[in-house]
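Trainee:
In the working numbering, the protein residues as written are 1 to 235.
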């Protein structure tokens with residue numbers, strides 16, 4: 001099976017299920033963050049919500065297309081036309097997933113850089129997607145670009161935790177570190193080091209669940225007197 005990621009054969013199907021779980025959890029993160037934005041009116045929280053919406057959409061597209069690819073390969077038809085259609089679907093999936101996911105990461109990095117300029121965002125957008133378009137190794141480039149952006153994001157949340165030592169800021173920091181390490185592992189997995197691929201997925205799941213739990217806690221405690229805490233938790 002040709003997949004968006006370098007997937008071990010025994011993991012086929014499980015990765016599609018994980019992608020669907022990622023899509024659901026990140027969509028809930030986006031929804032919870034939007035509810036907090038409605039309470040606080042903070043711009044960074046709105047961007048946080050939009051970022052995870054794009055991440056969720058990337059996983060929805062990825063899981064659907066990978067399911068279609070897996071279904072076609074399971075048909076046992078090895079004609080040139082069938083293999084070509086699988087290749088085109090996989091290539092389409094790489095592009096769409098990468099674009100949506102990187103937009104999400106770019107929005108989070110945009111918050112971290114604290115440069116609220118559409119021109120700056122547009123410039124970063126062009127540089128990132130030009131790099132993705134012109135490289136032959138698109139999956140590897142996705143991992144590298146994501147890792148670079150996540151490096152800025154981790155640095156931002158590390159400073160945020162240092163200034164606002166709250167349980168929620170710590171949880172978000174741990175989640176971003178987990179996601180950063182996950183993509184380092186995905187880069188290592190490109191050499192067919194499959195344990196890194198599996199660990200990377202588990203770290204991804206951990207990261208998204210931690211963000212989900214953080215926002216759930218904030219909403220549970222979401223009274224007007226906690227507006228400042230909510231703001232400090234996610235930027």
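A virtual CB, placed ideally from N, CA and C, is assigned to each residue, including glycine.
So, are the CB atoms of residue 214 and residue 179 less than 8 Å apart?
Mentor: Indexing the chain shown from 1 puts residue 214 at position 214. Indexing the chain shown from 1 puts residue 179 at position 179. No, the Cβ-Cβ distance between residue 214 and residue 179 is not below 8 Å.
Trainee: Measure the alpha-carbon distance for residue 45 versus residue 35 and round it to whole angstroms.
Mentor: Within the chain shown, residue 45 is the residue found at index 45, counting from 1. Within the chain shown, residue 35 is the residue found at index 35, counting from 1. Going from the Cα of residue 45 to the Cα of residue 35 covers about 9 Å.
Trainee: Using 8 Å as the Cβ pair cut-off and three pairs as the minimum, do the stretch 95 to 107 and the stretch 48 to 64 touch?
Mentor: The stretch 95 to 107, when compared against the stretch 48 to 64, does touch it at the 8 Å Cβ threshold.
Trainee: Per the contact definition of three or more C-beta pairs closer than 8 Å, is the stretch 150 to 162 in contact with the stretch 192 to 212?
Mentor: Segments in contact, no.
Trainee: How many angstroms separate the CA atom of residue 187 from the CA atom of residue 144?
Mentor: By 1-based counting over the chain shown, the position of residue 187 is 187. By 1-based counting over the chain shown, the position of residue 144 is 144. Going from the Cα of residue 187 to the Cα of residue 144 covers about 7 Å.
Trainee: Using three-state DSSP, classify residue 81 as helix, strand or coil.
Mentor: The sequence position of residue 81 within the chain shown is 81, counting from 1. The pLDDT assigned to residue 81 is 45, lower than 50, so where the model puts this residue is not dependable, and the model offers no usable value.
Trainee: Tell me which residue opens and which closes the alpha helix (DSSP H) that residue 119 is part of.
Mentor: One-based indexing of the chain shown puts residue 119 at position 119. 118 to 134 is the extent of the alpha helix (DSSP H) around residue 119.
Trainee: Could you tell me if residue 117 is buried or exposed, where buried requires 16 or more neighbouring beta carbons within 10 angstroms of its beta carbon?
Mentor: As a first step, residue 117 is located in the chain shown; it is residue number 117 there, counting from the start. It is exposed - the Cβ of residue 117 has fewer than 16 other Cβ atoms within 10 Å.
Trainee: For residue 122, count neighbouring C-beta atoms within 10 Å of its own C-beta (all shown protein chains included) and say buried if the count is 16 or more, exposed if not.
Mentor: Taking the chain shown and counting its residues from 1, one reaches residue 122 at position 122. Residue 122 is exposed by the Cβ-count criterion.
Trainee: Roughly how many angstroms lie between the CA atoms of residue 216 and residue 50, to the nearest whole one?
Mentor: Residue mapping note: residue 216 aligns to position 216 of the chain shown, counting from 1. Residue mapping note: residue 50 aligns to position 50 of the chain shown, counting from 1. Between residue 216 and residue 50, the C-alpha separation is close to 17 Å.
Trainee: Would you please state the rounded distance, in angstroms, between the beta carbons of residue 168 and residue 94? I believe it to be under 8 Å.
Mentor: On the chain shown, residue 168 is found 168 positions in, with the first residue counted as 1. On the chain shown, residue 94 is found 94 positions in, with the first residue counted as 1. Their Cβ separation, rounded to whole angstroms, is 35 Å, which puts residue 168 and residue 94 out of contact at 8 Å.
Trainee: So, are the CB atoms of residue 58 and residue 100 less than 8 Å apart?
Mentor: Working through the chain shown from its first residue, we reach residue 58 at position 58. Working through the chain shown from its first residue, we reach residue 100 at position 100. Cβ atoms of residue 58 and residue 100: closer than 8 Å.
Trainee: State the DSSP-derived secondary structure class of residue 41, mapped to helix, strand or coil.
Mentor: Taking the chain shown and counting its residues from 1, one reaches residue 41 at position 41. Coil, per DSSP.
Trainee: Using the Cβ count rule (16 or more neighbours within 10 Å means buried), how would you classify residue 23?
Mentor: Locating residue 23 in the chain shown gives position 23, where the first residue counts as 1. Classification of residue 23: buried, given that the 10 Å Cβ count is 16 or more.
Trainee: To the nearest angstrom, report how far apart residue 32 and residue 204 are at their CA atoms.
Mentor: Translated into the one-based positions of the chain shown, residue 32 becomes position 32. Translated into the one-based positions of the chain shown, residue 204 becomes position 204. The alpha-carbon atoms of residue 32 and residue 204 are separated by roughly 19 Å.
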